[in-house]
Amino acid sequence: MAASDASDSGSNHEDQTDVMMETEDYTEEQQGSDAEMDEDEDAEVAILEDKVEVLGGNGSDQTAMTFSLKNEDHTVGNSLRHMINKNPQVDFCGYSIPHPSEPKMHIRIQTSDKTTAVDAFRKGMVDLTDMCSHIRDTYEAELAKKDYTTFEEIA
């Protein structure tokens, strides 16, 4: 079930939305509704069980939602919060770890009327993925130059 479908149904806690984004060459022009994402061959959305859950709220208000990400912590939380807050259409984004012994994180997103919280969440995930890919590619390119000093380990 797509994230917007879960919020449209109006149910609070039973609808689970599990989203993992595998995208290549994603641009702002490609951002759109779930139906547009399904039609777009360059962006593929795979649904994974028990990863992301849309928590309760006003089912008719698409601009404010809380997402629960399972098996995630401050590493993803702070990075994702930062990327989502860079979106000029996002009014607020914050995250919390409800309890240290529970392996989950809540992220709250409130947007302007120009976009939905689901789209802002999706864009943040894609932007974070793109940034990590860029860092990895840049690191590997520099490493391939072999312009570094090696040291022998002394036992």
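At position 150 of the sequence shown the residue is numbered 150 (full-length UniProt numbering), and the sequence of numbers has no breaks.
Glycine included, C-beta positions come from ideal geometry on N, C-alpha and C.
Just so you know, these numbers come straight off a predicted model, no measurement behind them.
Q: Go ahead and label residue 63 buried or exposed: buried means 16 or more other beta carbons lie within 10 angstroms of its beta carbon, across all protein chains shown.
A: buried
Q. In the stretch 61 to 127, which residue ranges form an unbroken beta strand (DSSP E) of at least 3 residues, counting only runs that do not cross its ends?
A. 64 to 70, 90 to 96 and 104 to 111
Q.
Going by DSSP in three states, residue 153 sits in which element: helix, strand or coil?
A. coil
Q: Could you tell me whether the stretch 119 to 134 touches the stretch 80 to 93, using the rule of 3 or more Cβ pairs below 8 Å?
A: Yes, the stretch 119 to 134 touches the stretch 80 to 93.
Q. Cα separation between residue 70 and residue 91?
A. 24 Å
Q. Buried or exposed: residue 140, going by 16 or more other Cβ atoms within 10 Å of its Cβ?
A. exposed
Q: Report, in whole angstroms, the separation of the C-beta atoms of residue 68 and residue 104, which I expect to be a contact under 8 Å.
A: 6 Å between Cβ atoms; contact.
Q. So is residue 119 buried or exposed if we call it buried at 16+ other beta carbons inside 10 Å?
A. buried
(Q) Looking at the strands, I want to know which residues DSSP matches up with residue 142. (A) Answer by DSSP bridge pairing: none, since residue 142 is not bridged.
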